[in-house]
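**Student:** Structure incoming, see below.
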Amino acid sequence: MKTTNQNSELKNNSKAEELVNSLKGKKITILGHDNIDVDATLSGILMSQLLNFLGIENEFCIIEEVKENDTYTIIKKLLKIDMKKWQKQEEKDDKNLFLVDHYETIHKGKVIGCIDHHPTQQNKNYNFKYVRNSCATAYLIYEIMKQVDFPIQKEQVEMIITAMMVDTVAFRSSKAIKEEVEEAKKLAEEHGIDYDLIEKESLCLTPIEEFSIDEIISNGQKWYNYNGSKVGSSYLQLYGMPEEDTLQEWINKLKEKREETQSDMLVFIIFETKSNTTYDYQIMEDCIKESIHKGILSRGKDIMPLIESRYLNQTKLEEKIEKFVKELIKNDKTIATMESCTGGQVASEITNIEGASSVLKESYVSYCNEAKIKFGVPKEIIDKYTVYSAETAIAMAKAVKNNANSDIGIGITGQLGRIDPNNKGCTNNTAWYCIIQNNKELVGKLYIKENLTRLEKKKIIIREIMEDF
5 MKTTNQNSEL KNNSKAEELV NSLKGKKITI LGHDNIDVDA TLSGILMSQL
55 LNFLGIENEF CIIEEVKEND TYTIIKKLLK IDMKKWQKQE EKDDKNLFLV
105 DHYETIHKGK VIGCIDHHPT QQNKNYNFKY VRNSCATAYL IYEIMKQVDF
155 PIQKEQVEMI ITAMMVDTVA FRSSKAIKEE VEEAKKLAEE HGIDYDLIEK
205 ESLCLTPIEE FSIDEIISNG QKWYNYNGSK VGSSYLQLYG MPEEDTLQEW
255 INKLKEKREE TQSDMLVFII FETKSNTTYD YQIMEDCIKE SIHKGILSRG
305 KDIMPLIESR YLNQTKLEEK IEKFVKELIK NDKTIATMES CTGGQVASEI
355 TNIEGASSVL KESYVSYCNE AKIKFGVPKE IIDKYTVYSA ETAIAMAKAV
405 KNNANSDIGI GITGQLGRID PNNKGCTNNT AWYCIIQNNK ELVGKLYIKE
455 NLTRLEKKKI IIREIMEDF
């Protein structure tokens, strides 16, 4: 352990000095988040080792039943660590809690410190806080270990690299930070660690063939309170997408769970490693929104902050549109739309705002296939994918953006109450849209509640498009 004299030699204004000054003289209970994962577990162990070295009395606890799931398996297989060693389901009001891989908890005790790599808009005033974007919380602990000259051995390096790999889908995720990845490779080489083995195992594909449907839709579940709104999220890591019928079964079960839990939203994420694509499904009371993203996104860094912002900035649709138009005017940006099922409603809402003439360049209502083709949608796209498809929405957005030479192009297609006898490929009350700006395509699919008016359904589509800006 560090002695008092050694503690006094800590670098001024370092995180290590702040940590020691915040925790000295206290007994600390280290907690990972509920439904504990690889990074939370390994960060808890590493934090405990660091505090031991600094002479701060502590214990790491897992306050839940440790299940022999994928987290348990990978930690035991790669590191020969049994998580059950830290299982301790005891809560007391007088405990000083230090949170790793999260920074708020429902458990008893006083939170006096946290270290987390998922910054959000929430503010917490704890004795110690180290929160920034990083591959993993374990890496942030490693940074503090270096500041105090902790004798880092192969044991710690394996834990650090494993946590980083697992939390970034073997460094494929947008959460991966180049400098940290290079440091991980360097550490692996210095300590003779089989980097390729960790990379292979860190894809952590979810064994859905072994799970019940309840386990599938709850895998990796976390709950959030956003401005009084209850939001849950869960995820799967797969190699290839399931059949459409299977996916629909999961979505239907999630709809039931949202009602059972009285949640405002459930967010279900699929990280599909075969095509390097992320799918997220936002299950709400009036619709289900499916978004498709190129690359493996981070739940904590990319997806949930947007959901949090949605609930922290709740305003009426008209106010959202007004704010959007004013931002376009301020930044000298223009927009054009090609709409089918919404019948020009997006353009109409924009023109309700003063100054819209300087941002809305063109708007087409292409209600029939011939109109879409006339305005630039390739007939081959409609023939191959049907008019009711993401591909057609993308083609519409591209065509109108090119025709108008605008900064933003929006394409919308779908059915809102009447089965189209002339076109196949769509269930009723389903819409696709595409937003193109800055050479990026954002595609959304909406399954809209049936017993609403056509205007209400159109407003939902516009609301969800506005949420994407």
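Each residue of the sequence shown is one higher than the one before, counting from 5 in this note's numbering.
Glycine included, every Cβ here is placed at the ideal spot set by N, Cα and C.
Got a sec? Which residues, its chain only, sit under 7 Å from Ser233 by beta carbon, not counting five neighbours each side?
**Tutor:** Taking the first residue of the sequence shown as position 1, residue 233 is located at position 229. Answer for Ser233: Asp268 and Tyr315, listed in chain order.
**Student:** When you compare each of Phe328, Gln241, Glu343 and Glu353 to Lys337 by their alpha carbons, which one comes out closest?
**Tutor:** Working through the sequence shown from its first residue, we reach residue 337 at position 333. The option with the nearest alpha carbon to Lys337 is Phe328.
**Student:** Taking Cβ positions only, does Glu21 come closer than 7 Å to chain D?
**Tutor:** You won't find chain D in this structure, because it holds only one protein chain.
**Student:** Among the residues of its own chain, which have a CB less than 7 Å from the CB of Glu187, if the five just before and after it don't count?
**Tutor:** Counted from its first residue, the sequence shown places residue 187 at position 183. For Glu187, where only same-chain residues beyond five positions count, there are no Cβ hits under 7 Å.
**Student:** Cα-Cα, which of Leu201, Leu55 and Ile110 is closest to Glu2?
**Tutor:** Absent from the structure is residue 2, since the part of the chain shown begins at 5 and ends at 473.
**Student:** With DSSP as the reference, label Ile441 as helix, strand or coil.
**Tutor:** Here residue 441 refers to the residue found at position 437 when the sequence shown is read from its first residue. Reading the sequence as shown, one finds Gln at residue 441 and not Ile. In this structure, Gln441 counts as strand in the three-state DSSP scheme.
**Student:** Ile287 to Lys81, Cα distance in whole Å?
**Tutor:** Against the sequence shown, residue 287 aligns to sequence position 283. Against the sequence shown, residue 81 aligns to sequence position 77. Near 35 Å, if we compare the C-alpha coordinates of Lys81 and Ile287.
**Student:** Kindly indicate which three-state DSSP category Asp43 falls into: helix, strand or coil?
**Tutor:** The count along the sequence shown starts at 1 and reaches residue 43 at position 39. Correct three-state label for Asp43: helix.
**Student:** Does the stretch 177-196 come close enough to the stretch 214-231 to have 3 or more Cβ pairs within less than 8 Å?
**Tutor:** Because the criterion of three Cβ pairs below 8 Å is not met, the stretch 177-196 and the stretch 214-231 do not touch.
**Student:** Between Lys204 and Lys305, which are expected to be in contact by the criterion C-beta below 8 Å, what is the C-beta distance as a whole number of angstroms?
**Tutor:** The residue labelled residue 204 in the question sits at position 200 within the sequence shown. The residue labelled residue 305 in the question sits at position 301 within the sequence shown. The pair is not a contact, with the Cβ atoms about 24 Å apart (cut-off 8 Å).
**Student:** For Thr434, which of Arg458, Cys372 and Gly196 has the nearest alpha-carbon?
**Tutor:** Here residue 434 refers to the residue found at position 430 when the sequence shown is read from its first residue. Answer by Cα proximity: Arg458.
**Student:** Check each candidate in Glu63, Lys88 and Leu83 and name the one with the smallest Cα separation from Glu72.
**Tutor:** As a position in the sequence shown, residue 72 is number 68, starting the count at 1. It is Lys88 whose Cα lies nearest to the Cα of Glu72.
**Student:** Quick one: is Ser367 buried, meaning 16 or more other Cβ sit within 10 Å of its Cβ, or exposed?
**Tutor:** Locating residue 367 in the sequence shown gives position 363, where the first residue counts as 1. By the 10 Å Cβ count, Ser367 comes out buried.
**Student:** Count the C-beta pairs between the stretch 156-176 and the stretch 132-141 that are closer than 8 Å, then say yes if the count reaches three, no if not.
**Tutor:** Flag = yes, the stretch 156-176 and the stretch 132-141 touch.
**Student:** Taking just the CA atoms, how far does Glu384 sit from Ala394?
**Tutor:** Start at 1 with the first residue of the sequence shown, and residue 394 comes out as number 390. Start at 1 with the first residue of the sequence shown, and residue 384 comes out as number 380. Approximately 14 Å, taken between the alpha carbons.
**Student:** Between Cys291 and Ile464, what straight-line distance do the alpha-carbon atoms span, to the nearest angstrom?
**Tutor:** Translated into the one-based positions of the sequence shown, residue 291 becomes position 287. Translated into the one-based positions of the sequence shown, residue 464 becomes position 460. Answer to the nearest angstrom: the Cα atoms are 8 Å apart.
**Student:** Counting pairs of beta carbons, one from the stretch 208-218 and one from the stretch 239-248, are three or more of them closer than 8 Å?
**Tutor:** Taking 8 Å as the limit for Cβ pairs, the verdict is that the stretch 239-248 does touch the stretch 208-218.
**Student:** Spatial neighbours of Val70 within its chain, please: C-beta separation below 6 Å, excluding the five flanking residues on both sides.
**Tutor:** As a working note, residue 70 is residue 66 in the sequence shown. Taken in chain order, the residues that qualify are Met87, Lys88 and Gln91.
**Student:** Nearest by alpha-carbon distance to Asn432: which of Leu450, Glu95 and Asp97 is it?
**Tutor:** Taking the first residue of the sequence shown as position 1, residue 432 is located at position 428. The residue with the shortest Cα to Cα distance from Asn432 is Leu450.
**Student:** To the nearest angstrom, report how far apart Ile325 and Ala174 are at their CA atoms.
**Tutor:** Here the question's residue 325 lines up with position 321 in the sequence shown. Here the question's residue 174 lines up with position 170 in the sequence shown. About 40 Å.
**Student:** In whole angstroms, what separates the C-alpha of Ile181 from that of Leu301?
**Tutor:** As a working note, residue 181 is residue 177 in the sequence shown. As a working note, residue 301 is residue 297 in the sequence shown. Computed Cα separation, rounded: 13 Å.
**Student:** How many Å lie between Asp153 and Ser410 at the Cα?
**Tutor:** Residue numbering aside, residue 153 sits at position 149 when the sequence shown is read from its first letter. Residue numbering aside, residue 410 sits at position 406 when the sequence shown is read from its first letter. Approximately 56 Å between the Cα atoms of the pair.
**Student:** Using a 10 Å radius around the Cβ and a threshold of 16 neighbouring Cβ atoms, would you call Ile405 buried or exposed?
**Tutor:** In the sequence shown, residue 405 corresponds to position 401, counting from 1. For the record, residue 405 in the displayed sequence is Lys; it is not Ile. Looking at its Cβ environment, which holds 16 or more other Cβ atoms inside 10 Å, Lys405 is buried.
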